[in-house]
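Novice:
Residue numbers (the working numbering), protein chains in the order written: chain A, 218 to 399; chain B, 59 to 452.
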């Protein structure tokens with residue numbers, strides 16, 4: 218999933234975020250009729266840093282569905298046009314719930330980074346050392362935080378180019394990270 | 059300030075460290091210490107209890123901690139009983155609530171207890187608990203806890219202003235030296251020279267072990283009351299003269315420049331303004347040195363020096379006894395350890411004891427009148443500030 222081949226061309230095709238049902242209909246809110254098979258988390262949820270991604274748990278499940286297609290995306294408000302990160306179910310500036318999904322530009326540059334050499338959370342101890350950083354996404358006002366793969370932390374530098382990447386965390390769930398491109 | 063004048067009239071802490079004691083046992087222990095420190099305190103006159111506790115659900119598998127703490131302390135609050143959670147600033151949050159309750163007339167005598175039990179058999183589990191403080195579904199999967207975030211602050215500060223590892227070490231050396239005067243500090247009787255600090259292992263580069271406050275078990279407690287009752291307890295009250303708080307983001311991605319802590323500028327301006335003083339009037343400050351770089355950025359955001367000059371401020375020892383003002387005389391979070399809920403309360407205990415001139419001479423600020431206490435929480439996305447004045451008329 219991490220290879221370029223897995224990444225689909227980033228199109229303009231936008232899907233409106235599942236809007237909240239009106240208050241009188243919320244009692245009838247139900248998971249979709251044909252949900253995707255549920256990934257099985259490796260550890261109890263309260264000891265697991267990865268989110269529950271399925272439609273029965275989150276209205277933002279399309280974020281994870283789109284990661285499965287190799288697309289790192291976020292929401293944009295249809296009313297005031299503001300671009301969010303992380304994705305939202307309601308616009309923080311105008312409170313509209315009419316949002317659309319948009320793909321993020323693939324490339325960005327490191328604003329700051331560090332590495333976890335000790336003190337990793339449960340389940341990540343064997344991944345030490347790993348690099349994390351803040352990345353400015355080209356052509357947007359957005360800065361994202363995440364893992365940086367591709368080079369050891371000792372070879373990273375502020376300003377270095379990276380690209381976003383979707384990956385399977387190992388149990389069927391998806392997340393995003395960055396990979397160096399130099 | 060509006061409402062009745064409110065003061066801290068006494069306080070105490072337990073020994074901070076890796077303690078063979080449960081959450082409840084730490085609360086009982088600080089209750090005993092508070093009873094010794096404030097012998098005038100009667101259980102039946104305490105109408106309210108505020109409990110600063112950041113993550114008892116994670117570290118002690120315990121919710122509904124306010125009545126639990128009341129029972130450990132032998133208190134039966136009949137006005138306000140509540141737990142305050144604001145991560146690393148939970149203790150100060152509890153003090154602010156007690157202050158508001160007394161100022162408004164809802165409470166006459168309130169006890170504030172701050173407590174955290176953080177050392178577990180599995181450090182990975184404890185580290186996971188620390189990660190919950192971030193925007194967990196977004197920041198968590200990367201493995202974000204506090205050290206890598208503050209490491210990025212340090213990286214940017216070094217890049218933009220030329221701040222050095224030696225300047226970071228100067229903060230750690232100062233606070234560990236002060237901790238040597240504090241028997242309740244986690245790192246009491248341990249020496250950390252700058253050379254030794256610079257040889258400690260990297261935790262999250264550029265931060266080394268000595269740049270990071272530790273996982274600590276401990277509790278602290280203070281008593282607050284109104285101007286009508288202060289003299290029943292002490293001649294050297296610590297009057298609450300100002301408070302301020304500011305928060306403008308939570309997700310790590312929204313941290314802005316990293317080196318410009320606008321929230322602290324706003325919160326301290328509010329607190330100092332309410333007290334009617336300037337930063338130059340302060341005699342001491344308890345600043346939230348969760349990491350060495352934090353104290354450096356805080357010097358700048360408080361206006362003790364210009365942006366970018368915090369490293370030099372540390373290097374020149376301007377926060378030492380005899381400097382511009384004394385910063386973290388009890389040893390700070392670096393020297394005392396950082397039991398999340400207890401820290402803000404322990405800082406207030408230090409202010410009270412400094413005003414009462416009952417701390418060891420090696421850290422006694424000469425005749426202090428004004429003190430500021432600062433806590434940040436999470437990824438420095440919330441800043442909480444209190445300003446206290448010694449004694450005098452209400």
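The C-beta atom is built at its ideal place from N, Cα and C for all residues, glycine as well.
1. Indicate whether the contact test is met: 3 or more Cβ pairs, each with one atom in the segment 316-327 of chain A and one in the segment 347-361 of chain A, closer than 8 angstroms.
2. State the Cα-Cα distance for the pair residue 128 of chain B and residue 415 of chain B, rounded to the nearest angstrom.
3. Between which two residues does the beta strand (DSSP E) carrying residue 444 of chain B extend?
4. Whole angstroms is fine: what's the gap from residue 318 of chain B's alpha carbon to residue 250 of chain B's?
5. Here's a check: name, in chain order, each residue in its chain whose Cβ is nearer than 8 angstroms to the Cβ of residue 259 of chain B, leaving out the five neighbours to either side.
6. How would you call residue 274 of chain B, buried or exposed, if buried means at least 16 neighbouring beta carbons within 10 angstroms?
7. Against chain B, with Cβ distances strictly below 8 angstroms, would residue 244 of chain A count as a contact?
8. Using a Cβ cut-off of 8 angstroms (strictly closer), state whether residue 439 of chain B contacts chain E.
9. Per DSSP, residue 385 of chain B forms a beta bridge with which residues?
10. When you compare the CB of residue 248 of chain A with every CB in chain B, is at least one pair closer than 8 angstroms?
11. With DSSP as the reference, identify every bridge partner of residue 297 of chain B, one or two as the case may be.
12. Going by other Cβ atoms of all chains shown within 10 Å of its Cβ, with 16 needed for buried, is residue 27 of chain B buried or exposed?
13. Would you check if there are 3 or more beta carbon pairs closer than 8 angstroms linking the segment 288-297 of chain A to the segment 309-324 of chain A?
14. Can you tell me where the beta strand (DSSP E) with residue 328 of chain A in it begins and where it stops?
15. Closest to residue 381 of chain B by C-alpha separation, out of B:410, B:248, B:399 and B:341, would be which residue?
16. Can you tell me which of the three DSSP states residue 327 of chain B falls into?
17. Under the three-state reduction of DSSP, which class applies to residue 244 of chain A: helix, strand or coil?
18. Using a Cβ-Cβ cut-off of 8 angstroms (strictly less than) and excluding sequence neighbours within five positions of residue 80 of chain B, which residues of its own chain qualify?
19. If distances are taken between C-alpha atoms only, which option among A:310, A:390 and A:364 comes closest to residue 397 of chain A?
20. Would you list, in sequence order, the uninterrupted alpha helix (DSSP H) runs of no fewer than 4 residues that lie entirely inside the segment 260-324 of chain A?
21. Spatial neighbours of residue 247 of chain A within its chain, please: CB distance less than 8 angstroms, with the 5 preceding and 5 following residues excluded, ordered by chain position.
22. Since residue 196 of chain B meets chain A, which of its residues come closer than 7 angstroms, beta carbon to beta carbon?
23. Can you give me the start and stop residues for the beta strand (DSSP E) that residue 174 of chain B sits inside?
24. Is it true that the CB of residue 145 of chain B sits closer than 8 angstroms to the CB of residue 191 of chain B?
25. Should residue 248 of chain B go down as buried or exposed, given a rule of 16 or more other Cβ atoms within 10 Å for buried?
26. Tell me which same chain residues have a C-beta within less than 7 angstroms of the C-beta of residue 204 of chain B, skipping the five on either side of it?
27. Which two residues bound the contiguous alpha helix (DSSP H) that contains residue 408 of chain B?
28. Where does residue 185 of chain B fall in DSSP's three states?
29. List the residues of chain A that residue 203 of chain B touches, going by C-beta distances under 9 angstroms, in chain order.
30. Contact between the segment 375-385 of chain A and the segment 65-78 of chain B: three or more CB pairs below 8 angstroms?
31. Along chain A, in chain order, which residues have C-beta atoms closer than 8 angstroms to that of residue 436 of chain B?
32. In chain A, which residues lie with their C-beta within 8 angstroms of the C-beta of residue 143 of chain B?
33. Name the DSSP bridge partner or partners of residue 347 of chain A?
34. Pick helix, strand or coil for residue 319 of chain B, following the three-state DSSP scheme.
35. When you compare the CB of residue 392 of chain A with every CB in chain B, is at least one pair closer than 8 angstroms?
36. Taking the alpha helix (DSSP H) that residue 357 of chain B belongs to, which residues open and close that run?
Specialist: Walking through what the data contain:
1. yes
2. In the second chain, residue 128 of chain B corresponds to position 70, counting from 1. In the second chain, residue 415 of chain B corresponds to position 357, counting from 1. Straight-line Cα distance between these residues: approximately 30 angstroms.
3. In the second chain, the residue the question calls residue 444 of chain B occupies position 386. Looking at the DSSP string, the run of the beta strand (DSSP E) that includes residue 444 of chain B is 440-448.
4. Looking up residue 318 of chain B in the second chain gives position 260. Looking up residue 250 of chain B in the second chain gives position 192. Answer to the nearest angstrom: the Cα atoms are 29 angstroms apart.
5. To locate residue 259 of chain B, count along the second chain from 1; it is residue 201. Here the set comprises 266 and 267.
6. In the second chain, residue 274 of chain B corresponds to position 216, counting from 1. Under this definition residue 274 of chain B is a buried residue.
7. Along the first chain, read from residue 1 onward, the residue named residue 244 of chain A stands at position 27. Residue placement at residue 244 of chain A cannot be trusted, given a pLDDT of 38 that sits under 50; the coordinates are not used to answer.
8. In the displayed structure, chain E is absent; the protein chains listed are A and B.
9. Counting from 1 along the second chain, the entry for residue 385 of chain B is found at position 327. Answer is B:343, bridged to residue 385 of chain B.
10. Sequence index remark: in the first chain, residue 248 of chain A carries index 31 (1-based). Confidence at residue 248 of chain A is low in this model, with a pLDDT of 49, below 50, so the placement of that residue is unreliable and no value is reported for it.
11. The sequence position of residue 297 of chain B within the second chain is 239, counting from 1. B:65 and B:447, per the DSSP bridge assignment.
12. Nothing about residue 27 of chain B can be reported from this structure: the residues present for chain B run from 59 to 452 only.
13. yes
14. As a working mapping, residue 328 of chain A is identified with position 111 in the first chain. Residues 324-333.
15. Sequence index remark: in the second chain, residue 381 of chain B carries index 323 (1-based). It is B:341.
16. Against the second chain, residue 327 of chain B aligns to sequence position 269. It is helical.
17. Start at 1 with the first residue of the first chain, and residue 244 of chain A comes out as number 27. For residue 244 of chain A, the pLDDT reaches just 38, beneath the cut-off of 50, and the residue's location in the model is therefore unreliable, although a value from the coordinates is still provided. Correct three-state label for residue 244 of chain A: helix.
18. Here residue 80 of chain B refers to the residue found at position 22 when the second chain is read from its first residue. Once the five neighbours on either side are set aside, the close Cβ partners of residue 80 of chain B are 118 and 175.
19. Position 180 of the first chain, counting from 1, holds the residue named residue 397 of chain A. Nearest of A:310, A:390 and A:364 to residue 397 of chain A, Cα basis: A:364.
20. 278-285
21. For the purposes of this step, residue 247 of chain A is identified with residue 30 of the first chain, where counting begins at 1. Per-residue confidence for residue 247 of chain A stands at a pLDDT of 46, beneath the threshold of 50, marking its modelled position as unreliable; the derived number appears in the next sentence. There are no such residues.
22. Indexing the second chain from 1 puts residue 196 of chain B at position 138. By Cβ distance, chain A contributes 303.
23. For this step, residue 174 of chain B is matched to residue 116 along the second chain. Per DSSP, residue 174 of chain B belongs to the beta strand (DSSP E) from 167-174.
24. Taking the second chain and counting its residues from 1, the one referred to as residue 191 of chain B is at position 133. Taking the second chain and counting its residues from 1, the one referred to as residue 145 of chain B is at position 87. It is a contact, given that the beta carbons lie within the stated cut-off.
25. On the second chain, position 190 is the one that residue 248 of chain B refers to. When all chains shown are included, residue 248 of chain B counts as exposed.
26. Your numbering for residue 204 of chain B matches position 146 in the second chain. Excluding residues within five positions, the ones whose Cβ falls inside 7 angstroms are 188 and 348.
27. To locate residue 408 of chain B, count along the second chain from 1; it is residue 350. It spans 398-413 - the alpha helix (DSSP H) in which residue 408 of chain B sits, taken as one unbroken run.
28. Here residue 185 of chain B refers to the residue found at position 127 when the second chain is read from its first residue. In this structure, residue 185 of chain B counts as helix in the three-state DSSP scheme.
29. The residue labelled residue 203 of chain B in the question sits at position 145 within the second chain. Result: 333, 336, 337 and 338.
30. no
31. Position 378 of the second chain, counted from the start, is the residue given in the question as residue 436 of chain B. Within chain A, no residue comes near residue 436 of chain B; the closest Cβ sits about 13 angstroms away, beyond 8 angstroms.
32. The residue you call residue 143 of chain B lines up with position 85 of the second chain. Under the 8 angstroms cutoff, chain A gives no residues; its nearest Cβ is about 17 angstroms from residue 143 of chain B.
33. Working through the first chain from its first residue, we reach residue 347 of chain A at position 130. Answer is A:333.
34. Taking the second chain and counting its residues from 1, one reaches residue 319 of chain B at position 261. Coil.
35. On the first chain, position 175 is the one that residue 392 of chain A refers to. Residue 392 of chain A counts as touching chain B.
36. Numbered from 1 along the second chain, position 299 holds the residue referred to as residue 357 of chain B. From DSSP, the alpha helix (DSSP H) with residue 357 of chain B extends over 350-359.
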